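Numbering (mature numbering (1 follows the signal peptide of the UniProt record, and there is no 0)), first residue to last: -24 to -1, 1 to 412.
The next block holds one structure in the form of structure tokens; read it before the comments.
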């Protein structure tokens, strides 16, 4: 068995795979949810993989947003027309884990191709999230991200703020947002994508407070939400208060707020590190800061948890298709490919080798703030509150939370009411999903 993880081993394995079927080209379908600059990265990686060998043709297909792609994959599997690979966002991890017969663990795909997965070669916080408790890798982490803060330096300057000092705490964010709005430097001070991921799940991890029982669902399925604790209520009430006069502007449930920021309507935004490509492409004079933390939380900041998505392999495919999938995973693990993906998109490099190579090249010295998402995730050993979030129906629970937040931001209820309702409805949905 070859050791999977070392660059030489991966290259040797890839050459072996390429020589097994020299006369026929096997198509490998890859459904994804990438748009804008990140879609360009998908296309380049696919074309480069195809050009690197002659046995397999990787065919990337855009299937809509993350939720739309997951739903499309489920429907396709039920109809017997599932793709070989599907990109599933972190929220769908529990859904895919529960569908054991529908997927083939990535570790098994690699084993059948004569490889073993050496997790010591990969960023532990990322690989651990997509693995079973025994360490078996279920999916390959294609694009892992951490939420960070972006700010428009030109708007900061107009508002009289220090362009080299992004806010570090949430109270500082609120104050800077008010100054931006009051000064007329921008119509809105602050916006955010993914309220559930950033302001609930990562808010809990970063401040080392419980999101739910059972280690946020990682230790068992019988979970009760804890998101109506005072620290969450105070945080969301502050958002609700800022929304009243437009200091905070809500964009939507997923990444819609990025367009508000790119248009120059707001001076500050919290968003995935994977949103960087579009910001760079826009030509904005931007800065990066770490995810803000609650100044009253003991031990904060702790560590962030991975967002983004991983690549799952569907079951019931041919041996030749699985060899092609393994070849693609081997290709993705190459240091130079991970360097490109990380530096171009803002997503985290999966391998430690790619991280070290990027660091050694001076990339982080020339691009201030680009190392921030990695340091956030790896800076401290995770606690029971900061290993991640996992539920068999997390997409549904997030929808419930978003519904309550939208009523709150419309002035129809307080933060306490919104979070109490989110807990009651969310707990009921979790029990129903477990058959209780």
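Glycine is no exception: its CB is placed at the ideal position from the N, C-alpha and C atoms.
Owing to the predicted nature of the structure, the values given are computational and were not obtained by experimental measurement.
Residue i vs residue j beta-carbon contact at 8 Å
i: residue 413; j: residue 154; result: With the chain covering only -24 through 412, there is no way to say anything about residue 413.
i: residue 353; j: residue 12; result: no
i: residue 346; j: residue 67; result: no
i: residue 55; j: residue 7; result: no
i: residue 324; j: residue 115; result: no
i: residue 355; j: residue 412; result: no
i: residue 311; j: residue 329; result: yes
i: residue 401; j: residue 194; result: no
i: residue 78; j: residue 105; result: no
i: residue 300; j: residue 2; result: yes
i: residue 262; j: residue 128; result: yes
i: residue 372; j: residue 405; result: yes
i: residue 158; j: residue 131; result: no
i: residue 270; j: residue 174; result: no
i: residue 63; j: residue 9; result: yes
i: residue 273; j: residue 184; result: yes
i: residue 17; j: residue 308; result: no
i: residue 179; j: residue 395; result: no
i: residue 111; j: residue 95; result: yes
Three-way DSSP call (helix, strand, coil) for residue i in this model
i: residue 107; result: strand
i: residue 18; result: helix
i: residue 300; result: helix
i: residue 29; result: coil
i: residue -3; result: Here residue -3 scores only 45 on pLDDT, less than 50, and its place in the model should not be relied on; the value that follows carries that caveat. It is coil, neither helix nor strand.
i: residue -12; result: Caution applies to residue -12, whose pLDDT of 42 falls short of 50 and renders its modelled position unreliable; the value that the coordinates give is listed next. Three-state DSSP puts residue -12 in a helix.
i: residue 88; result: helix
i: residue 384; result: helix
i: residue 63; result: strand
i: residue 225; result: strand
i: residue 343; result: coil
i: residue 358; result: coil
i: residue 72; result: helix
i: residue 122; result: coil
i: residue 98; result: strand
i: residue 78; result: helix
i: residue 220; result: coil
i: residue 57; result: coil
i: residue 389; result: coil
i: residue 410; result: coil
i: residue 41; result: coil
i: residue 47; result: helix
i: residue 327; result: strand
i: residue 349; result: helix
i: residue 368; result: coil
i: residue 395; result: helix
i: residue 139; result: coil
i: residue 215; result: helix
i: residue 5; result: strand
i: residue 34; result: strand
Cβ separation of residue i and residue j, assumed to be a contact under 8 Å, to the nearest whole Å
i: residue 113; j: residue 83; result: 4 Å
i: residue 119; j: residue 250; result: 6 Å
i: residue 123; j: residue 246; result: 6 Å
i: residue 282; j: residue 121; result: 7 Å
i: residue 419; j: residue 32; result: Missing from the structure shown is residue 419; the chain here goes from -24 to 412 and no further.
i: residue 224; j: residue 126; result: Not a contact, Cβ separation roughly 15 Å.
i: residue 252; j: residue 321; result: 7 Å
i: residue 187; j: residue 277; result: In fact, because the Cβ distance is near 16 Å, the residues do not count as touching under 8 Å.
i: residue 399; j: residue 203; result: 6 Å
i: residue 85; j: residue 289; result: 5 Å
i: residue 201; j: residue 403; result: 6 Å
Nearest to residue i (by Cα), restricted to the options the options
i: residue 409; options: 199, 78, 355 and 121; result: 199
i: residue 117; options: 146, 170 and 81; result: 81
i: residue 57; options: 286, 270 and 292; result: 292
i: residue 363; options: 191, 36 and 129; result: 191
i: residue 380; options: 369, 397, 368 and 366; result: 397
i: residue 108; options: 350, 261 and 70; result: 70
i: residue 390; options: 255, 335, 210 and 196; result: 210
i: residue 60; options: 349, 343, 406 and 297; result: 297
i: residue 221; options: 405, 256 and 386; result: 386
i: residue 163; options: 369, 243 and 204; result: 243
i: residue 313; options: 94, 19, 41 and 64; result: 19
i: residue 217; options: 260, 147 and 181; result: 147
i: residue 248; options: 188, 169, 276 and 318; result: 169
i: residue 26; options: 5, 40 and 39; result: 5
i: residue 42; options: 275, 358 and 229; result: 229
i: residue 197; options: 392, 14, 370 and 23; result: 370
i: residue 219; options: 167, 256 and 392; result: 167
i: residue 351; options: 337, 361 and 332; result: 332
i: residue 344; options: 134, 266, 360 and 215; result: 266
Worksheet item: In chain order, which alpha helix (DSSP H) runs of at least 4 residues are fully inside the segment 231 to 291?
Response: 233 to 238 and 252 to 258
Practice prompt. Could you pull out every unbroken beta strand (DSSP E) segment of at least 3 residues lying fully inside the segment 142 to 209, listed in chain order?
Written response: 164 to 168
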